[in-house]
Amino acid sequence: MELYQLKTFVAIAREGNLTRAAESVSTSAPAVSAQLKALEDELGVKLFDRTSRGMTPTAAGRSLLDEAERTLASATRIRSAAEQIRGAAQGAVRFGTVADPVAMRLGEVLVRLAERHPQLTLQLRQGLAYQTIDAMLRGELDCAYVMSDREQLEGLSLHRLGPVDLVVALPVSLADANPELTLQQLTSLPWVGTAKSKARASCAA
Numbered sequence: 089m090e091l092y093q094l095k096t097f098v099a100i101a102r103e104g105n106l107t108r109a110a111e112s113v114s115t116s117a118p119a120v121s122a123q124l125k126a127l128e129d130e131l132g133v134k135l136f137d138r139t140s141r142g143m144t145p146t147a148a149g150r151s152l153l154d155e156a157e158r159t160l161a162s163a164t165r166i167r168s169a170a171e172q173i174r175g176a177a178q179g180a181v182r183f184g185t186v187a188d189p190v191a192m193r194l195g196e197v198l199v200r201l202a203e204r205h206p207q208l209t210l211q212l213r214q215g216l217a218y219q220t221i222d223a224m225l226r227g228e229l230d231c232a233y234v235m236s237d238r239e240q241l242e243g244l245s246l247h248r249l250g251p252v253d254l255v256v257a258l259p260v261s262l263a264d265a266n267p268e269l270t271l272q273q274l275t276s277l278p279w280v281g282t283a284k285s286k287a288r289a290s291c292a293a
């Protein structure tokens with residue numbers, strides 16, 4: 089039994105006519121008729137009755153039609169899987185990120201990456217923006233999410249995804265005493281934050 093015979097069987101059942109079935113599988117009506125006869129001989133059952141309205145599936149034909157369609161669908165999935173394997177990227181991707189992976193919706197990205205490229209192994213590394221950028225420049229990471237106000241950085245290709253809103257938390261007493269503090273005034277106040285990089289402290293968000 090060949091897949092093209094099953095395709096012919098399904099085409100005849102759908103079209104109800106040998107000529108239209110032949111057109112749908114891009115062959116001739118005599119070839120379709122011959123393929124049908126060969127399939128019936130191999131299965132040992134009659135699949136269609138010829139009527140004035142065309143080709144009508146027999147009880148056996150109706151019973152086997154769903155199975156034939158499932159077989160063809162499985163064959164299509166196998167071909168698709170093989171095509172993905174042939175063209176899929178393989179190896180390990182070293183992926184850097186900053187802040188909270190949940191807030192950055194990193195999980196959604198990783199799931200899609202795994203679905204599209206199942207042969208890839210992902211190595212996730214989390215750190216501060218300047219640390220992640222340094223790791224990229226040293227070749228320790230292949231790609232990364234970072235928070236930075238840079239538009240360009242020599243040696244890296246930057247793609248801005250969108251703005252990030254930052255919120256400054258103040259003691260209630262200070263906020264009440266100074267309700268309209270400017271950004272310049274805020275920068276002159278004592279800060280609690282992460283350690284600064286000697287080379288790229290300005291990259292830290």
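Positions in the sequence shown are counted from 1; adding 88 to them yields my numbering. All C-beta atoms in this analysis are idealised placements derived from N, C-alpha and C, irrespective of residue type, glycine included.
- [ ] Determine the closest residue to D212 out of L153, S121 and D230, with distance taken between C-alpha atoms.
- [x] The amino acid occupying residue 212 in the given sequence is Leu; Asp does not appear at that position. Of the listed residues, the one whose Cα sits closest to L212 is D230.
- [ ] Within the same chain, show all residues whose beta-carbon is closer than 8 Å to that of A223, passing over the 5 residues directly before and after it, in chain order.
- [x] Only G184, R213, G215, L229 and A232 meet the Cβ criterion.
TODO: May I ask you to report which of helix, strand or coil DSSP gives Q211?
DONE: Look at Q211 here: in three-state DSSP terms it is strand.
- [ ] Assuming T220 and V197 form a contact by the criterion Cβ under 8 Å, report the distance between their Cβ atoms to the nearest whole angstrom.
- [x] With a Cβ gap of about 16 Å, T220 and V197 do not count as contacting.
Task: Those residues which DSSP pairs with A180 across a bridge - done: T209.
Task: Three-state secondary structure assigned by DSSP to A293 - done: Since pLDDT at A293 reaches only 30, below the 50 mark, its modelled position is unreliable, and no value is offered.
Open item on the list: Could you tell me which whole alpha helix (DSSP H) segments of length 4 or greater appear in the stretch 92 to 164?
Closed with: Qualifying alpha helix (DSSP H) stretches, in chain order: 106 to 112 and 117 to 131.
Open item on the list: Relative to the C-alpha of H301, which candidate in D237, A180 and V255 has its C-alpha closest?
Closed with: Residue 301 lies beyond the residue range present for the chain, which begins at 89 and ends at 293; the question has no answer from this structure.
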